[in-house]
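The block underneath contains the structure these notes are about, expressed in structure tokens.
There are 2 protein chains.
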Amino acid sequence: MRILITGSAGFIGRKLAADLIRNPVLKDGEGRQQRITDLILVDVMPTPQPAVPRGGGEAPRVAVVTGGLAEAADLVRRPDAPVHGVFHLAAVVSSGAEEDFDLGYRVNLDGTRGLLEACRGLDDPPKFVFASSVAVFGGAMPDVIRDETVATPQTSYGTQKLIGELLVNDFSRKGMVDGRSLRLPTVMVRPGKPNKAASTFASSIIREPLQGQRAVCPVPEDTGLWVLSPRRVVAAMRHAFDLPADRLLAAGGRTVNLVGLTVSVADVVEAVGKAGGAEAAGLIDFVPDERIQAIVRTWPVRFAPDRALALGFAPDESLEAIIAAFIEDDLNAE
Amino acid sequence: MRILITGSAGFIGRKLAADLIRNPVLKDGEGRQQRITDLILVDVMPTPQPAVPRGGGEAPRVAVVTGGLAEAADLVRRPDAPVHGVFHLAAVVSSGAEEDFDLGYRVNLDGTRGLLEACRGLDDPPKFVFASSVAVFGGAMPDVIRDETVATPQTSYGTQKLIGELLVNDFSRKGMVDGRSLRLPTVMVRPGKPNKAASTFASSIIREPLQGQRAVCPVPEDTGLWVLSPRRVVAAMRHAFDLPADRLLAAGGRTVNLVGLTVSVADVVEAVGKAGGAEAAGLIDFVPDERIQAIVRTWPVRFAPDRALALGFAPDESLEAIIAAFIEDDLNAE
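Residue numbers (numbering that gives the first Met the number 0), protein chains in the order written: chain A, 0 to 333; chain B, 0 to 333.
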């Protein structure tokens, strides 16, 4: 199987690639386990060459390509090397798409559509896992978001992700791809540096204090968050790929609200204190930022993700477990 | 005010243009009545020159342009003659978009987006009335569609209309246009010849028998339909234009499920018999067409359109009134 990941330089893309290299098996459209022979990593930022275990001879060949979604589309439709599966993670993030309207539409809408068009040109419709977001929700919402709650996005990013889901559905209905869209909760803890995502603080207030650095929290302590760890996101992407299309359709559709945990910023501060001591918790400075708050306020906090649970997607055990996994996987890797 | 109508050669476009010529007043963004000085009619098909009342001096200047949505976009952004309002009716219809995937996306998605982009270039954001459709609904649905029922389109046409709504919302949120999207029921009775819309039979089985011609009904007698007359559609478009944006937002958003009537094909046959006699009803031949049925079956039949009612949109009085209006407006005009 030849698998392509867009957004492979991002932290989820890197973790997903590493996971697929460690365990290079995915299910094809008939539900048969297939070995991943080739992994094609595409990102506008240079993707670090992933570590490949020595000797085994069973690890996939890895091709690293620095380029945008147009390049990714070209790679998908290479006649000598057709792709069997795509993990489409590349996106201009929430705050970035809100600042640069044209860039957001070019990447998040046109880029996604171009990738689907490239898949459509293949003889065998590839599996297509699309990283959507709970940012499709916004505005007046019920207290608890259900699978049948209408998405009324209040940001350009949320609009573009919802349009991406609709395209994935329509291209799938026509048999051009075998798509599935995952609405990701806020991913916590993101390693590395803060980015332009409005949610970046959710990771900063754990990551920086545990590294002995100050962190800024732009939202009040009672702000709620719907979160999922990078480990669980990677597991969800792999699970979404493996699920048979008819199981998804029987469960209500190709778009899935993932299973997360509801936590408050105050919960996070407390958990940081438990993991790193009172001095760590004391490194979090609350500096209100109305622009960030205006975006974060539109995101839902409570879900009843029955479809995802029925399909076998799993949440993290606890906020403490999320932080422990971060310490194990990423704290010393920085 | 300079008003542009796309799809002006279509029957709703022609009726809307005639109505705006008869009564050339619309409300601007501040709720003030403004005279329509110019009416620009654009369609890929030649638009018949509308009749303009003589003498008055108050009728709008009418410009008829034969061209696609790219031409319409060029007309919107003419620096010497900026447009103040757009009624965007042009579309590749349901069955057409299902047959020609590329054409549907090019017109219904790219065309709509291009028009919004053109509006965005204007100094004053124009009002933008988008003709969407209840075809955005489909698949597993509740018995009664409410304003907060999620739209899960099962056709490319429905997908493209829903994406159009999302774009209208996002461009409006950014202050680039002042948009409103109307989800039109099946419009009945459509004058003229059958077209590629899967719903075309709903008009044929009234129009043809009342003209003494045979009509083919491709769906069974118990097929339900959610219908609205051309008169009410035109009234709804005008009302949607006039409504202040803040009233729409307070009522829940810029997208409105219009108020229609639920009728069955059997009801229609009976009403045709009342209007045209038993011989008229006898001219309807039931010839099942699985392709048409597969599309029509995905459309919802029962709505609770509370938002539209609160905003002052009105349904037809009865099926009999719909047929009487057709006889008065269109039967002898053919």
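Every residue, glycine too, gets a C-beta built ideally from N, C-alpha and C.
Treat the numbers as computed from the prediction; the structure is a model and nothing was measured.
How many whole angstroms separate the CB atoms of residue i and residue j, which I take to be in contact at a CB cut-off of 8 Å?
i                      : j                      : result
residue 233 of chain B : residue 18 of chain B  : 5 Å
residue 1 of chain A   : residue 82 of chain A  : 5 Å
residue 128 of chain B : residue 179 of chain B : 6 Å
residue 321 of chain B : residue 226 of chain B : 7 Å
residue 114 of chain A : residue 183 of chain A : No, residue 114 of chain A and residue 183 of chain A are not in contact; Cβ-Cβ is about 18 Å, not under 8 Å.
residue 159 of chain A : residue 108 of chain A : 5 Å
residue 94 of chain B  : residue 26 of chain B  : Not really, about 36 Å apart at Cβ, beyond 8 Å.
Quick one: list the residues of chain B neighbouring residue i, beta-carbon separation under 8 Å, in chain order.
i                      : result
residue 251 of chain A : 139
residue 153 of chain A : 172
residue 158 of chain A : 165, 166, 168, 169
residue 149 of chain A : 147, 148, 149, 150
Counting only the same chain and skipping the five closest in sequence on each side, list residues whose C-beta sits under 8 Å from that of residue i.
i                      : result
residue 200 of chain A : 193, 214, 215, 216, 217, 218, 291
residue 21 of chain A  : 52
residue 221 of chain B : 263, 264, 265
residue 284 of chain B : 213, 214, 215, 216
residue 300 of chain A : 223, 224, 225, 261
residue 287 of chain A : 217, 218, 219
residue 121 of chain B : 75, 76, 81, 82
Determine the closest residue to residue i out of the options, with distance taken between C-alpha atoms.
i                      : options                    : result
residue 262 of chain A : A/135, A/97, A/325, A/185  : A/185
residue 154 of chain B : B/230, B/207, B/132        : B/132
residue 156 of chain B : B/310, B/38, B/100         : B/100
residue 98 of chain B  : A/173, A/289, A/294, A/141 : A/173
residue 24 of chain B  : B/46, B/58, B/45           : B/58
residue 84 of chain A  : A/118, A/96, A/105, A/281  : A/118
residue 146 of chain B : B/92, B/254, B/122         : B/254
residue 298 of chain A : A/148, A/140, A/288, A/187 : A/140
residue 256 of chain A : A/181, A/114, A/310        : A/181
residue 123 of chain B : B/247, B/176, B/331, B/249 : B/176
residue 33 of chain A  : A/171, A/278, A/310, A/241 : A/241
residue 170 of chain B : B/197, B/125, B/76, B/207  : B/125
residue 197 of chain B : B/61, B/209, B/73, B/91    : B/91
residue 246 of chain A : A/47, A/211, A/310, A/71   : A/310
residue 9 of chain B   : B/65, B/108, B/210         : B/65
residue 42 of chain B  : B/302, B/276, B/110        : B/110
residue 13 of chain B  : B/202, B/236, B/26         : B/236
residue 60 of chain A  : A/35, A/296, A/249         : A/35
residue 282 of chain A : A/267, A/296, A/88, A/93   : A/267
residue 89 of chain A  : A/211, A/195, A/106, A/96  : A/106
residue 148 of chain B : B/289, B/238, B/251, B/47  : B/251
residue 86 of chain A  : A/121, A/288, A/130, A/277 : A/130
Among residues of its own chain, excluding the 5 on either side of residue i, which ones have a beta-carbon nearer than 7 Å to its beta-carbon?
i                      : result
residue 258 of chain B : 304, 307, 308, 312, 313, 314
residue 16 of chain A  : 4, 7, 38, 40, 49
residue 112 of chain A : 166
residue 150 of chain B : 135, 136, 161
residue 260 of chain B : 226, 314, 315, 318
residue 77 of chain A  : none
residue 296 of chain A : none
residue 70 of chain B  : 41, 64
What in chain B is Cβ-close to residue i, meaning under 7 Å?
i                      : result
residue 162 of chain A : 162, 165
Can you name, in chain order, every residue of its own chain whose Cβ lies under 6 Å from the Cβ of residue i, other than the five neighbours on each side?
i                      : result
residue 329 of chain A : 190
residue 333 of chain A : Because residue 333 of chain A carries a pLDDT of 48, less than 50, the predicted location of this residue cannot be relied on, and the following value inherits that uncertainty. Excluding residues within five positions, none has a Cβ falling inside 6 Å.
residue 274 of chain A : 322
residue 271 of chain A : 205, 208, 279, 280
residue 324 of chain B : 228, 230
residue 326 of chain A : none
residue 72 of chain A  : 113, 114, 117
residue 152 of chain A : 135, 137, 158, 161
residue 30 of chain B  : 243
Applying a beta-carbon distance threshold of less than 9 Å, which residues of chain B neighbour residue i?
i                      : result
residue 278 of chain A : What residue 278 of chain A touches in chain B: nothing, since even the nearest Cβ is about 43 Å away.
At a cut-off of 7 Å, would you count residue i as near the ligand GTP, judging by its Cβ distance to the nearest heavy atom?
i                      : result
residue 104 of chain A : The model depicted lacks the ligand GTP and carries no ligand whatsoever.
Give a yes or no on whether the minimum CB-CB distance between residue i and chain E is below 8 Å.
i                      : result
residue 232 of chain B : Note that chain E does not occur in the displayed structure, where the protein chains are A and B.
Contacting positions in the segment 26-58 of chain B - beta carbon closer than 8 Å to chain A
Residues of the segment 26-58 of chain B with a Cβ closer than 8 Å to any Cβ of chain A: none.
So if I threshold CB-CB distances at 8 Å, which residues from the segment 169-194 of chain A count as touching chain B?
Cβ proximity to chain B below 8 Å picks out 169, 172, 173 from the segment 169-194 of chain A.
Positions along the segment 88-106 of chain A whose CB lies within less than 7 Å of some CB in chain B:
If the cut-off is 7 Å between Cβ atoms, the segment 88-106 of chain A has 100 near chain B.
Mind checking the segment 295-306 of chain B against chain A and listing, in chain order, the residues whose C-beta falls within less than 8 Å of any C-beta there?
If the cut-off is 8 Å between Cβ atoms, the segment 295-306 of chain B has nothing near chain A.
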